[in-house]
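Below: the structure, in structure tokens.
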Amino acid sequence: MQKVTPILETKNLTVHRNSVAVVENATFTINRGDYVGIVGPNGGGKTSLLSTLLGFLPHTQGSIRLFDADIAKFSSWQKIAYISQQATNFEEQFPLTVRELVSLGCIKKGMLGRRFTQKDWQTVDSNLEFMGLSDVAYRRIGQLSGGQKQRMFVAKALVHNPELILLDEPIVGVDSNAQEKFYKKLSDLNVERNITILIVTHDLASVFCRMSKVMCVNKTVELAGITQELDANLLLKRAYGDHFHFVYHKHDCEGVFASEH
Amino acid sequence: MQVNIDLFNPFGYQFFQNALIGGIIVSVVCGLVGLFLILKKEAMLGDGLSHTAFGGIALGLLLGINPLIAALGVSILAVFTISYMRRKKIAPSDSAVAVMLALGFSTGLIVISIAGGFNVDLFSYLFGSILTISFSDLLLVSVLSTFVLLFIGLFHRELLSIVFDEETSRIMGIPTTRLTILFDLLIAVTIVLSIKVIGTILVVALLVIPGLCALKLNLSFKKTLLATTLFSALSTTTGIMLSAIFNIVTAGLIVFMLVTAFLITLLYKKLD
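Protein sequence lines, in the order shown, are assigned to chains A and B.
According to the numbering used here, the stretch in the first sequence is residues 2 to 262, in order.
According to the numbering used here, the stretch in the second sequence is residues 831 to 1102, in order.
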């Protein structure tokens, strides 16, 4: 049986924005290798939670431990990659090729201003290949499709070998086929490279078909393993309200996985 | 300055050589710094700082301090104030720039009024006087430009990363605040450098137009840097040469050459 190693733990975490509590008393543990879908209604505190876990937003109560260190003392940020909600909203004219953008992931803390080595470029190229972007490596980033842009940001994140990737609604405005390709790649990363993934999404079907855990956020935070026994409807009702009804059968996932074959 | 030179051998004159060397160095530095400003969507910061520098020049002339040093001091003060106003959310970036621009320029006007009228020296700082650039000016320009170019050469990837996505850059361990402050300082230095070449009023042209031309070509970042350098150097060289030959004010001709380059780029894009 695989050893369970906690890499992200919160205890009684409370976060305020403009004096209003957006996350309250959140206690949860994310283990190495978890693939977690963060869901919840708009304005429920998902992005605030992610921002707090990344140290962008201070917490008002409780504690956060990253890789066994208190967040205030944590310095190994290179173990974590973050893809923001706005990542793909760049200027179409931005003068970067896909390869150049991905290479920015080679910048290392404490080694600023260094020249990139042959090895760096090999890492860039292998990750472009892994994300299926070798063909467009020399294209300008503004010329990519929505799905390709997302995979490009994951390739950039992978360049510095992260152990944890946090993504904030990365599939907004992308067609379902591209979404599927994207989730498939994340699954591969999770399984093949044992990278822990936390992803904020509204795509409940993909969460329940692909991921190992679901985190429901609506001021309160509830983390549950996705198993046959899990009453998904009941869990989601607690986050979205009683009016919410989610029907999920295992056979729904067959459609989700169909595009892989 | 109005000069008559031998049309067939302009390079035989020391002042012309100084002007060309100084002009090319400054325009390249301006173009490269300006490219990052455009990408940061803060091109008007350059304009604001150059107008603020006018107040420093006037103060320098009044107090008998080297006007360029006084302009550098005032520009640095202005850039830190703008940065503070932005960081503390006292005012958004463009409004903070507008406040400092107005304050700097009005300081200059008040100082002129106290000094008892318009000074001829001040005019050359407003519109540049590259053809009168001395060897010591050239030395100062070269040393400061070397610092700016070294900084950009070393940290262009980090700057690019910050410009593209500041939050992610911070997570990656890039000291975003420190690098941004250093870059802001370089903008102040660059503007002071360009006062001799093009003057405080038109410096924004050297900052913005070469980068804009290069961006229109849809190149990779490396090639965009190269194209910016070429647009800057060629426009300035042509402007200085035409100015020396036809006895027309240099700053105006440099801007005209830059705008011509921009129009040619647009035309090229349209035909492409």
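From the three backbone atoms N, C-alpha and C, an ideal C-beta is built for every residue, glycine too.
As the structure is a computational prediction, the values presented were derived from the model and not from experiment.
DSSP places residue 60 of chain A outside any beta strand (DSSP E), giving it a letter other than H or E. It is roughly 10 Å from the alpha-carbon of residue 1064 of chain B to the alpha-carbon of residue 1040 of chain B. Residue contact with chain B for residue 114 of chain A: present (Cβ-Cβ distance below 8 Å to some residue of chain B).
When C-alpha distances from residue 908 of chain B are compared across B/963, B/1049, B/871, B/931, the shortest belongs to B/931.
In the three-state reduction of the DSSP assignment, residue 18 of chain A falls in the strand class. Taking C-alpha positions only, residue 115 of chain A is separated from residue 988 of chain B by approximately 10 Å. Boundaries of the alpha helix (DSSP H) around residue 1069 of chain B: 1051-1076.
If you draw a straight line from the Cα of residue 1001 of chain B to the Cα of residue 866 of chain B, it comes to about 21 Å. In this structure the segment 37-46 of chain A lies against the segment 226-241 of chain A, because at least three pairs of beta carbons, one per stretch, are closer than 8 Å.
Listed by position along chain B, the residues whose Cβ is nearer than 7 Å to that of residue 98 of chain A are 1050. For the C-beta of residue 110 of chain A, the chain B residues within less than 8 Å are, from N- to C-terminus, 1002, 1003, 1004.
At the C-beta level, residue 169 of chain A and residue 86 of chain A come within 8 Å of one another. Residue environment: residue 890 of chain B is assigned as buried (16 or more neighbouring CB atoms within 10 Å of its CB, all protein chains considered).
Rounded to whole angstroms, residue 872 of chain B and residue 1046 of chain B show a C-alpha spacing of 18 Å. For residue 984 of chain B, the chain A residues whose Cβ falls inside 7 Å of its Cβ are 114, in order along the chain. For chain B, the residues of the segment 119-153 of chain A that bring a beta carbon within less than 7 Å of one of its beta carbons are 141, in chain order. Going by C-alpha positions, residue 956 of chain B is about 8 Å away from residue 1028 of chain B.
The beta carbons of residue 884 of chain B and residue 938 of chain B sit about 4 Å from each other, so the pair counts as a contact at 8 Å.
Fewer than three pairs of CB atoms, one per stretch, sit closer than 8 Å, so the segment 119-126 of chain A makes no contact with the segment 64-76 of chain A. 8 Å or more divides the Cβ of residue 978 of chain B from the Cβ of residue 904 of chain B. The beta-carbon distance between residue 990 of chain B and residue 105 of chain A, rounded to whole angstroms, is 7 Å. This is short enough to meet the 8 Å contact definition. With respect to the 8 Å criterion, residue 8 of chain A and residue 91 of chain A are not classified as neighbours on the basis of their beta carbons. Assignment of residue 83 of chain A by DSSP, reduced to helix, strand and coil, places it in the strand class.
Just measuring C-alpha positions, the residue of A/100, A/52, A/220, A/208 sitting nearest residue 134 of chain A is A/100. Three or more Cβ pairs drawn from the segment 155-165 of chain A and the segment 74-84 of chain A lie within less than 8 Å of each other, which places the two stretches in contact.
For residue 1102 of chain B, the closest Cβ of chain A is not nearer than 8 Å. For residue 210 of chain A, the enclosing alpha helix (DSSP H) begins and ends at 205-211. Secondary structure at residue 133 of chain A: coil, using DSSP grouped into helix, strand and coil. Inter-residue distance for residue 1077 of chain B and residue 946 of chain B is about 31 Å (C-alpha atoms, whole angstroms). At a beta-carbon threshold of 7 Å, none of the residues of chain B lie near residue 36 of chain A; the nearest stands roughly 20 Å away.
Checking the DSSP bridge columns, you'll see residue 29 of chain A partnered with A/11.
DSSP links residue 226 of chain A through a beta bridge to A/214.
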